[in-house]
Every structure is written in C-alpha cells, then in structure tokens.
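**Student:** Quick one: this structure, given as structure tokens, is what I'll be asking you about.
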Amino acid sequence: MKIQDQEAQNSKWEKVVHSIVIGTNNGIALHRQLHDGLSKLIDESFEDGELFMTEDYLVDVFGVSRGTVRRSLLDLANEGLLSRKRGLGTVVQKAAKNVCRHISIIAPDYASPTNAEFLSELIEIGQSQGVTWNIVRLGVEQKMEMLEKNITFQPSDGAIVLQGMPQRLANNLLKHYGNQGYLTVNVDTYIENYNGYHVGMSNLAAVKLGVTRLVEAGHRNIVFLVSEPEEWDTVRERARHFEEIAQELGLADASVYHAGIHDGDNDSEGAALSMPHIWKQNPRPTAIFAISDGCAMGALSWLQSNGIKVPDDISLLSFDGTNMTRLTQPSLSSIRQPYKEIAEVVFRIINEKPTNFKRAFLDPDFVEGESIKRIAGEY
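The opening residue of the sequence shown carries number 99 in our numbering; numbering runs sequentially from there.
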C-alpha cells in the first residue's frame, strides 16, 4: 500500500474508533470489549473487502496488549467477519456476516452412541467454520423456560438443532423457538405435518436394506429384536417397517420380538434378557436383526456367554453402525446411519436456508462385518 493511501486509511479509522470505549472496571474481559466494539464498526463503517485496521494501529490507539488485539481479531475471523489475505493484510468480510456463528444442540438427557457420533460430526464441521456451540441436555419432563438461559444468542446469529428428541417434545421445541424467529433443524425424529426443516436417515430404506441382505444370504426366519424404548417414534417406525417388508417378501416365519423396554431402561440388558425366549422359539430363527447397536451388543453378549457362536449358529445384524460395531469379536455387520452426510445437510440448511426442500431423508450404508453367515435355501 502506498504511503498516502495508508495515511488516508488511518484518517478514516481515527474518525470511527473514538466510539469504542474500553474500561478495566466493568468486569468484562478487554478482548471481549474490543471485539464487540470492532464488530459494531465493521457493521456500520466498513465495506465488504475493505482493508481493516492493523494490529499495530489497534495496540497504539487502545493502549492494550498485542495479545488482546490478536484474540479479538481471531474471534472476528472465526465469526467470518474478517479474513487474512496474503500480501494484503486483514480485510472485511461483511458478505459472510449472516453465516451462522452459534449453534445450540438440544439432545436427550441420556447416553446414546448414535447421538454421540452425529454430534461429533456436527461439531467437527462447525469448528472448521468457526461456529461456537453448546449442548443442552433435556429430560422429557423439563419445562421450556429452563432452556432459555442456555440459548444466549439472537435468532439472526445462530440456529438450534434438535437431535433425537421424542416427537411431542420436539414439536413443542420447534414451535416455541420458531415463533421467536430461530432457525431450527430437527434431526432423526420425523414429525408429521410439520413445515420446518428435518434431516435424517430413511428408516424404511434402512430396514429394507437390512432385510434384503439377510434374505440374500438365505435367511427367512428372522427376528427383529426391539430393546429400545417403545415410546420412541423411531423405534415404532422401524418395527412397523420390518413387519411390512417381511409381509411383502412372504417371510412367514419372520417376527418382531418386543423386549418391553421403556425410557430409562438399559437396551443391552433388555436384549440379553430377551434372548432365552428367542432361542427357544420353534422353529429357531437363523438371524437376528437388532434395532440398535446397543441391542445387538446385548444379544451378542448372551449368545457368547451361552457358547452359541455368531455367525456359525446364528447370524446377527446390527442397526446404526456406530464405532462399537467394529470393536466386537466377531465384528458386527450393520446398517450404518450416514452421520457425516446428515451433519453436512444440517449446515447447508443453516447457512443457505434453502427453499427447494424442507425434509431430507438420506439413505443408509451397509457395513460388512463378520456376523452374517450365508446358509442354504437362498431366497
């Protein structure tokens, strides 16, 4: 930059920086005060692509340390308001101001490998885009007003993601925050007659893929083991699809076994307690299609404890495909949810607010393990 250009730029900066007041006795960190003041200046006094004030200039004008200035500039860059340009310096990115800066993820208050894998993918993408996030764990009976203290950003600055919430609660949350102007994305649980954004795996495609793979391996006597809470919409949907597909394929011996699990019960323990009853069935099933990875782990544990070999004595197919399925002996074949793809679509919705779709149902993947045996009598 020419000397006269720099002098003109300095003159412009001097006219606007006087509006930023930094104090040491207000209990607010200096870098945060500087950040807030600079953010306001970007909004009111700078054009997109314009050269921004240098570190040296800010240190000199505000009398703060270089570390304080760098922390403020880094936060602004992470929010998409500034960008470092090689050979030019720091420039303003006002066009990126409307990009999401904050995400609150509201998820059920219980441990779930499925939720954990999705959240891991979502957070990884968010961090790469400079998005700050927090997870709010919500119990089924928790009152709505208890959430307010956890959603601290304005609707224009971020979005709310609902992950795996029961339908009634998800619907209330979507309505509550939608009325306040927040962009909300519902993940996993599909809500009938809701006009908001939804992203999830197609349970119909997932169940069909699993049954088809078992049938191709010669299995017709298949038990769909349900050891997840019967209150969950996803659980009921998967069981219903299994019955429909089994009927379509003429699998007369296929059946659904309900372990009678409810909220708060252990899915693996429920599966293990169900296995003696399933093993005594006549005719005995040749394959078990577990409704979740936790369910499959419980079934596998019982089988191995009783000297029953998988897949030599019975095949086992899991659902959801979390990392735990690769750690068992034998490794579990599984219908895997497209966690990364779901997270990518969530961010596309948040950043682009598309009008060409409201609901996205993604197809699952089949992860080949060692728990399915091909038997005679292939269908």
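Ideal Cβ placement from N, Cα and C applies to all residues, glycine included.
Just so we're clear, the structure is a prediction, and the values are computed from it rather than from any experiment.
(1) Quick check on DSSP: helix, strand or coil for Glu-476?
(2) Relative to the C-alpha of Lys-456, which candidate in Ile-343, Val-285, Gln-131, Phe-160 has its C-alpha closest?
(3) From what residue to what residue does the beta strand (DSSP E) around Phe-459 run?
(4) On a Cα-Cα basis, can you pick out the residue from Ile-223, Asn-248, Glu-222 that is closest to Ala-232?
(5) If you compare alpha carbons, which of Glu-142, Leu-156, Val-167, Phe-150 is closest to Arg-130?
(6) Measure the CB-CB distance between Ile-412 and Thr-384 and report whether it falls below 8 Å.
(7) Check for me: the alpha helix (DSSP H) holding Gln-337 runs from which residue to which?
(8) Determine contact between the stretch 314 to 322 and the stretch 375 to 395, defined as no fewer than three beta-carbon pairs at a distance below 8 Å.
(9) In angstroms with no decimal places, state the Cα-to-Cα distance between Asp-331 and Gln-265.
(10) Give me the residue from Val-309, Pro-253, Met-395 with the minimum Cα distance to Ser-353.
(11) On the CB-based measure, 16 or more other CB atoms within 10 Å of its CB, does Gln-191 come out buried or exposed?
(12) In chain order, what are the residue ranges of uninterrupted alpha helix (DSSP H) at least 4 long that sit wholly in the stretch 422 to 463?
(13) If I follow the unbroken alpha helix (DSSP H) through Lys-273, where does it start and stop?
(14) Kindly confirm or deny that the stretch 435 to 447 and the stretch 207 to 219 touch, where touching means at least three C-beta pairs closer than 8 Å.
(15) Roughly how far, in whole angstroms, is the beta-carbon of Ser-432 from the beta-carbon of Phe-445, given that I think they are within contact range, below 8 Å?
(16) Which same chain residues, not among the five before or five after Val-465, have their C-beta less than 6 Å away from its C-beta?
(17) Give every residue of the same chain whose Cβ lies closer than 7 Å to the Cβ of Lys-224, excluding the five residues on either side of it in the sequence, and list them in chain order.
(18) Can you give me the Cβ contacts of Glu-148 inside the same chain, cut-off strictly under 8 Å, excluding the 5 residues immediately before and after it?
(19) For a quick check, are the C-beta atoms of Leu-430 and Gly-467 less than 8 Å apart?
(20) Taking 8 Å as the cut-off, decide whether the C-beta atoms of Leu-312 and Ile-470 are in contact.
(21) Check Lys-407 in the structure and name its three-state DSSP category.
(22) Can Ile-447 and Tyr-295 be called in contact, C-beta distance under 8 Å?
(23) Do you know offhand how far Ile-343's Cα is from Glu-222's?
(24) Determine the extent of the beta strand (DSSP E) in which Lys-183 is found, giving its start and end residues.
(25) Considering only DSSP beta bridges, list what Ile-386 is partnered with.
(26) Helix, strand or coil, according to DSSP, for Met-299 in the structure here?
(27) Determine the direct distance from the alpha carbon of Asp-361 to that of Gly-316, and round the result to whole angstroms.
(28) Between Ser-403 and Ala-394, what straight-line distance do the alpha-carbon atoms span, to the nearest angstrom?
(29) Excluding five sequence neighbours on each side, which residues of the same chain lie with their C-beta closer than 6 Å to the C-beta of His-116?
(30) By Cβ distance below 7 Å, which residues in the same chain neighbour Pro-381 in space, the five residues on each side in sequence not counted?
(31) Check Pro-327 in the structure and name its three-state DSSP category.
(32) Among the candidates Asp-141, Glu-314, Ala-127, whose CA atom is the shortest distance from the CA of Arg-169?
(33) Do you know offhand how far Ser-399's Cα is from Pro-211's?
**Tutor:** In brief:
(1) Low per-residue confidence applies at Glu-476: pLDDT is 45, beneath 50, and the placement is therefore not dependable, though the value from the model is reported in the following sentence. Looking at Glu-476 - three-state DSSP - the assignment turns out to be coil, as it is neither helix nor strand.
(2) Val-285
(3) 457 to 460
(4) Looking at the sequence itself, residue 232 is Asn, so the reference to Ala does not match. If we check each option's Cα against that of Asn-232, Asn-248 comes out closest.
(5) Val-167
(6) Taking 8 Å as the Cβ cut-off, Ile-412 and Thr-384 qualify as a contacting pair.
(7) It should be noted that the sequence gives Ala, not Gln, for residue 337. For Ala-337, the enclosing alpha helix (DSSP H) has its first and last residue at 331 to 346.
(8) yes
(9) 7 Å
(10) Val-309
(11) buried
(12) 437 to 450
(13) 265 to 277
(14) yes
(15) About 25 Å; that fails the 8 Å criterion.
(16) Gly-419, Ser-432, Arg-434
(17) Reading off the sequence shown, one finds Gly at residue 224, where the question assumed Lys. Cβ neighbours of Gly-224 beyond the five flanking positions: Ile-201, Trp-231.
(18) Val-189, Val-190
(19) yes
(20) Against a cut-off of 8 Å, the Cβ pair of Ile-470 and Leu-312 comes out as a contact.
(21) coil
(22) yes
(23) 36 Å
(24) 180 to 183
(25) Val-321, Leu-414
(26) strand
(27) Approximately 35 Å, taken between the alpha carbons.
(28) 14 Å
(29) none
(30) Asn-319, Asp-351
(31) coil
(32) Arg-169 has its Cα closest to that of Ala-127, out of Asp-141, Glu-314, Ala-127.
(33) 18 Å
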